[in-house]
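> Pasting a structure below so you can have a look.
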């Protein structure tokens, strides 16, 4: 199902470099924006740059994925701030320290709450609004880490894997309401979250990932691996038999 034309998009997690690259890509197509993030006023220079470069309206919205009680009113808050909107782009995420998350219940809990619980509760509420209107769509970034549990990052991977399943169900539910849901599974991207990590390879630029995402959205894709070759890398990893896989250092 190809999505309908978008006049305004809500970008959640707008402090990330991928989110800002997506903001420029959408704004270049004339899409107005609402940038949602914690301490959103610090994004004013980003908003000003988007307005100047692309001549679109850009508003800032205070948003915290962990503030679960606030999610029920989010759709109305966006409307009150900026008027009608059709598209949600969720780039919320945090990468926990894999060693600390084994020993620190707080580290593990924050990673699971941010990457899965907060995002899924928020998108569920926004989906209710879109379903009533029978228009619009949702783009949500998960990760290739969610395709199979690995010893190097299984807390993060578990949250992203759970989010993948949530989005599958949401896509199944909303198709009859003409609301499209696209899951995006990036590989390694050159952002502050990954910069300096050991073992990185085939690292993509945020701008290239943003182009892939918007292009796939216009084509009505359900699931996007970006860059494209991660689909085949993960295909191989998923098909390694468990007796062999569990002995591998991945």
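In our numbering, the protein residues as written are 161 to 410. Just so you know, even glycine gets a beta-carbon here, dropped at the ideal spot from N, CA and C.
Out of curiosity, what's the CA-to-CA distance linking residue 403 and residue 310?
13 angstroms
> Leaving out the 5 sequence neighbours to the left and right, which residues in its chain are closer than 7 angstroms to residue 208 when beta-carbon positions are compared?
The beta carbon of residue 208 lies closer than 7 angstroms to none in the same chain, with the five residues before and after it left out.
> Which residues in the same chain have their Cβ closer than 6 angstroms to the Cβ of residue 268, if we skip the five residues on either side of it in sequence?
261, 315
> Are the beta-carbon atoms of residue 189 and residue 366 separated by less than 8 angstroms?
The Cβ atoms of residue 189 and residue 366 do not sit closer than 8 angstroms to each other.
> With distances taken from CA atoms, which of 221, 231, 180, 242 is nearest residue 288?
Of the listed residues, the one whose Cα sits closest to residue 288 is 231.
> Tell me whether residue 204 is buried or exposed, calling it buried when 16 or more other Cβ atoms sit within 10 Å of its Cβ.
By the neighbour-count criterion, in which 16 or more other beta carbons inside 10 Å mark a residue as buried, residue 204 falls on the exposed side.
> Taking buried to mean at least 16 other C-beta atoms within 10 Å of its own C-beta, is residue 243 buried or exposed?
Around the beta carbon of residue 243, a 10 Å sphere encloses fewer than 16 other beta carbons of the protein chains shown; the residue is thus reported as exposed.
> Is there at least one Cβ from chain C nearer than 8 angstroms to residue 166's Cβ?
This model lacks chain C altogether, as it is built from one protein chain only.
> Which one of 286, 409, 304 has the shortest CA to CA distance from residue 298?
286
> Does residue 340 pass the burial test, meaning 16 or more other C-beta atoms within 10 Å, or should it be called exposed?
Counting of Cβ neighbours within 10 angstroms places residue 340 among the buried residues, the total reaching 16 or more.
> With C-beta atoms as the reference, is residue 332 less than 8 angstroms away from residue 306?
no
> Classify residue 206 as buried or exposed, calling it buried when 16 or more other Cβ atoms lie within 10 Å of its own Cβ.
buried
> What does the alpha-carbon distance come out to for the pair residue 214 and residue 335?
32 angstroms
> Taking the beta strand (DSSP E) that residue 218 belongs to, which residues open and close that run?
218 to 222
> Just checking my contact of residue 174 with residue 180 at CB under 8 angstroms: how many whole Å lie between their CB atoms?
7 angstroms
> If residue 172 sits next to residue 251, beta carbons under 8 angstroms apart, how far is it from one beta carbon to the other, in whole angstroms?
Residue 172 to residue 251, Cβ: 7 angstroms. Contact.
> Less than 8 angstroms between the beta carbons of residue 300 and residue 283, yes or no?
yes
> Just checking my contact of residue 347 with residue 387 at CB under 8 angstroms: how many whole Å lie between their CB atoms?
6 angstroms
> Between residue 223 and residue 196, which are expected to be in contact by the criterion C-beta below 8 angstroms, what is the C-beta distance as a whole number of angstroms?
Confirmed, about 3 angstroms.
> Mind pulling the alpha helix (DSSP H) runs of 4 or more residues that sit fully within the region 272 to 347?
279 to 293, 314 to 334
> Following the continuous beta strand (DSSP E) through residue 250, name the residue where it begins and the one where it ends.
Note, residue 250: beta strand (DSSP E), 247 to 250.
> Buried or exposed: residue 185, going by 16 or more other Cβ atoms within 10 Å of its Cβ?
buried
> If you reduce the DSSP assignment to three classes, tell me which class residue 169 lands in.
strand
> In terms of residue numbering, what span does the beta strand (DSSP E) encompassing residue 192 cover?
192 to 197
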